[in-house]
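Have a look at the structure below before the remarks.
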Amino acid sequence: MSDIAATSPEPAYITKLALQRLPFSEVKSAEDFFDGRYIKQRRLLILHLLRSTSTPILLQADTGLGKTTLLQQLQRQTTSDMRFYRWRNNISTLEQYQGMLKALATELASTNDEKSLANLLKERLSHLKKLNITPVLLVDDVQLLSEPEQQLLHSCLSWQDDEQQPILQAVLSMTAETKFNLVSTQWLDLPPLEFIETEAYLLHRLKSAGYQGDSPFSPKEIQYLSKASAGNLARLNALAHQQLLGIKAKTWRRTPKISLGQINWLRWSGGISLAAVIVLILVFQNRINDWISASTVSQNTLELPEDISAEDNKLATVVVGDEQEKEAKMLSEREKLEALLAEIPTPASETSSAQDQEKLMPSAEAEQVVVEAEPEEKIEKEIPTVPGPEEQIVNNENKTIAPKQVKKLEPSILDKVHDTKWILSRPAKHYTFQLMGSWDDKEVDAFIEEHGLTGDMARFTSLRDNKPWHVLIFGVYPSKQAALKASNQWSGAMNNLPTWLRRFDSVQKQIKEKGVKP
Numbered sequence: 001m002s003d004i005a006a007t008s009p010e011p012a013y014i015t016k017l018a019l020q021r022l023p024f025s026e027v028k029s030a031e032d033f034f035d036g037r038y039i040k041q042r043r044l045l046i047l048h049l050l051r052s053t054s055t056p057i058l059l060q061a062d063t064g065l066g067k068t069t070l071l072q073q074l075q076r077q078t079t080s081d082m083r084f085y086r087w088r089n090n091i092s093t094l095e096q097y098q099g100m101l102k103a104l105a106t107e108l109a110s111t112n113d114e115k116s117l118a119n120l121l122k123e124r125l126s127h128l129k130k131l132n133i134t135p136v137l138l139v140d141d142v143q144l145l146s147e148p149e150q151q152l153l154h155s156c157l158s159w160q161d162d163e164q165q166p167i168l169q170a171v172l173s174m175t176a177e178t179k180f181n182l183v184s185t186q187w188l189d190l191p192p193l194e195f196i197e198t199e200a201y202l203l204h205r206l207k208s209a210g211y212q213g214d215s216p217f218s219p220k221e222i223q224y225l226s227k228a229s230a231g232n233l234a235r236l237n238a239l240a241h242q243q244l245l246g247i248k249a250k251t252w253r254r255t256p257k258i259s260l261g262q263i264n265w266l267r268w269s270g271g272i273s274l275a276a277v278i279v280l281i282l283v284f285q286n287r288i289n290d291w292i293s294a295s296t297v298s299q300n301t302l303e304l305p306e307d308i309s310a311e312d313n314k315l316a317t318v319v320v321g322d323e324q325e326k327e328a329k330m331l332s333e334r335e336k337l338e339a340l341l342a343e344i345p346t347p348a349s350e351t352s353s354a355q356d357q358e359k360l361m362p363s364a365e366a367e368q369v370v371v372e373a374e375p376e377e378k379i380e381k382e383i384p385t386v387p388g389p390e391e392q393i394v395n396n397e398n399k400t401i402a403p404k405q406v407k408k409l410e411p412s413i414l415d416k417v418h419d420t421k422w423i424l425s426r427p428a429k430h431y432t433f434q435l436m437g438s439w440d441d442k443e444v445d446a447f448i449e450e451h452g453l454t455g456d457m458a459r460f461t462s463l464r465d466n467k468p469w470h471v472l473i474f475g476v477y478p479s480k481q482a483a484l485k486a487s488n489q490w491s492g493a494m495n496n497l498p499t500w501l502r503r504f505d506s507v508q509k510q511i512k513e514k515g516v517k518p
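Going by UniProt numbering, the first residue of the sequence shown is number 1, and it counts up by one from there.
Structure (structure tokens):
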């Protein structure tokens, strides 16, 4: 993420801030890694996709945004259900196979034959898949691989088990301006660092190097560093390093300095310009007077229209709009009359007829009107209830039975989750977010209740490795842009959930081909 070359073996600010090493150099441990908002979201999403899909993931972003650091962090925080191998460049096929066998199968090869080693590697990887362990290749800067290396990578990703399922997953990274057509992938981006996280990032890198205390950067310096770096982490590291070295960066609102000689020149230049204008006026004074007099005469001279003869006046004169004016007057008078009639109170006969009409209303509508007019407490009292044996209260004096009031339970959050029938009825080209998947359907229920999810939720069950796999999806969006815009406005627990944007046709295809009843 950073290629900082110090101007000396130990810069002065290391002693001043009591640091143990350079704070903005390359990330070498998990403590140096900054798990910001977008970085954490992409990291969790990658882990989710590796567990639930077999399509390689392509992480595409500009140089310096932290692609390499993110891949390294995935390898550091390996889990029990995944094993990672970092693809090495400029080595032979035999060395690549041996490295994969050692990292993924924890086994050393006893043969130097490429074909035999490849068959052994396929057998070990298939065994891992049966144990629900996903082997993953991490390939950084895939666009820099040579053609033979790309062919070897394509060959490894095409390996399949006895059930014709891929036995290797992969996370590939490359720059945003490069096209990739080697294999079919799931595309992910890595956004730049936000301004609101700039101070937290700088302080995190300083504390990972041993710093204790508040941020040494002022608010103006942090604002400049964020704007000058445009959220690029490598550029931000270099600028912060220069700032601590005492190399002041140029501000974007710098006021130009004006010397005393420049001030004198500006003063004399203004006087010279004024003198030149006066001289020009004196030289061309006669012409200016002629122009003024000519314009005055032209303004005072009026051109009289030609006289109209008596023969031309024989034409009839037509006035447009007489009929329209009459209609407008009639409309205004009618409106005044209607306003006066509205102010007259309604006679008693009309009121009684309205009441009679209300009595003639159907019983269902009349009951609905009464319910809407009365308060909620009265409604609960008038609801008929059927008492049970344990709910009856006997009145000794009147010998009557009074039933207890039974409160109606509110529907649970889980009752609002849609089923596969709802999913199959959605438009195929619309988008949705897959929030999670699990072997246990109770974990899906716990996930919904834990995060208090509301809205268009649906769940379905499909076969994965010949076992039921329970999936939860959320939302219906007409386009990818609308879905991403909506996810950026999520708040609370929803904001930290790993998501996978899918089209409904892919979900519907999965249900039709591998769907089972939960």
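By construction, the Cβ of each residue, glycine as well, lies at the ideal position given by its N, Cα and C atoms.
Since the model is a prediction, treat every value here as computed from it, not as a measurement.
From what residue to what residue does the alpha helix (DSSP H) around K468 run?
-> For clarity, residue 468 is Pro in the given sequence; the question names Lys instead. Per DSSP, P468 belongs to no alpha helix (DSSP H); it is in the beta strand (DSSP E), K467 to Y477.
From A310 to V283, what distance separates their C-alpha atoms?
-> Annotation note: pLDDT 36 at A310 (below 50); position unreliable, no value reported.
Reduced DSSP secondary structure (H/G/I, E/B, other) of V507 | helix
Where do the ends of the alpha helix (DSSP H) carrying T420 lie?
-> T420 to L424
How many angstroms separate the CA atom of D419 from the CA atom of T79?
-> 32 Å
List the DSSP bridge partners of W500.
-> Q434
Take S208 and list the residues in its own chain whose beta-carbon comes closer than 6 Å to its own, dropping the five residues that flank it on each side.
-> E31 and D32
Backbone secondary structure at L85 - three-state DSSP = Sequence check: residue 85 is Tyr here, not Leu. Three-state DSSP puts Y85 in a strand.
Cutoff 6 Å; reference Q73; Cβ partners in own chain excluding five residues on either side = F33
Starting from the C-beta of N396, find all residues in its chain whose C-beta is less than 7 Å away, skip the five residues before and the five after it, and write them out in chain order.
-> Legend: pLDDT at N396 = 44, less than 50; position of this residue unreliable, value from coordinates given subsequently. Cβ neighbours of N396 beyond the five flanking positions: none.
Are there 16 or more other CB atoms within 10 angstroms of the CB of Q96, so buried, or fewer, so exposed?
-> buried
Euclidean distance between Cα positions of D81 and H430 = 32 Å
If you compare alpha carbons, which of L168, Q41, L245 and Q75 is closest to S29?
-> Q75
My understanding is that L453 touches T499, with C-beta atoms under 8 Å, so please give their C-beta distance in whole angstroms.
-> So it is not a contact: roughly 12 Å between Cβ atoms.
Rounded to a whole number of angstroms, what is the C-alpha to C-alpha distance between L153 and P11?
-> 43 Å
Check I57 in the structure and name its three-state DSSP category.
-> strand
Output the boundary residues of the alpha helix (DSSP H) element that contains T63.
-> Neither: T63 is in no alpha helix (DSSP H) and is coded neither H nor E.
Any 3 or more C-beta pairs closer than 8 Å across the segment 191 to 201 and the segment 168 to 182 = no
Should L203 and Y13 be called a contact, given that it needs their Cβ atoms to be closer than 8 Å?
-> no
With DSSP as the reference, please indicate the residues paired to A103 in a beta bridge.
-> The partner list for A103 (beta bridge, DSSP) is empty, contrary to what the question assumes.
According to DSSP, what are the bridge partners of G515?
-> S462
Does the beta-carbon of R287 have 16 or more other beta-carbons within 10 angstroms, so that it is buried, or is it exposed?
-> exposed
Residues that DSSP places opposite P135 in a beta bridge = R83
Note down, in chain order, each residue of its chain lying with its Cβ closer than 8 Å to the Cβ of residue 580, except the 5 sequence neighbours on either side.
-> A query on residue 580 cannot be resolved here, the shown segment of the chain reaching from 1 to 518 and no further.
Below 8 Å CB to CB, which residues in the same chain sit around A428 once its five sequence neighbours on both sides are set aside?
-> R503, F504, D505 and Q508
Assigned exposure category for D415 - 16 Cβ within 10 Å defines buried = exposed
In the DSSP assignment, find the alpha helix (DSSP H) that holds L152 and state where it starts and stops.
-> E147 to L157
For D161, the first and last residue of its enclosing beta strand (DSSP E) | Careful: D161 lies outside any beta strand (DSSP E) and carries neither H nor E.
Contact the segment 136 to 145 vs the segment 105 to 125: 3+ CB pairs below 8 Å | no
Counting along the chain, where does the beta strand (DSSP E) carrying residue 521 start and finish?
-> One cannot answer for residue 521 here, as it falls past the ends of the chain, which runs 1 to 518.
Tell me, please, which residues DSSP counts as bridged to T175.
-> A61
Would you kindly work out how many angstroms separate the C-alpha atoms of T432 and V417, rounded to a whole number?
-> 14 Å
Who does A170 pair with in a DSSP beta bridge?
-> L137
Sorted by chain position, which residues of the same chain lie with C-beta nearer than 7 Å to V318's C-beta, five sequence neighbours on each side aside?
-> Only weak support is given to the placement of V318: the predicted model assigns it a pLDDT of 36, under 50, and the value that follows is read from those uncertain coordinates. Answer for V318: no residue qualifies.
Does any CB atom of chain D fall closer than 8 Å to the CB of H451?
-> Absent from the structure is chain D; it holds one protein chain and no more.
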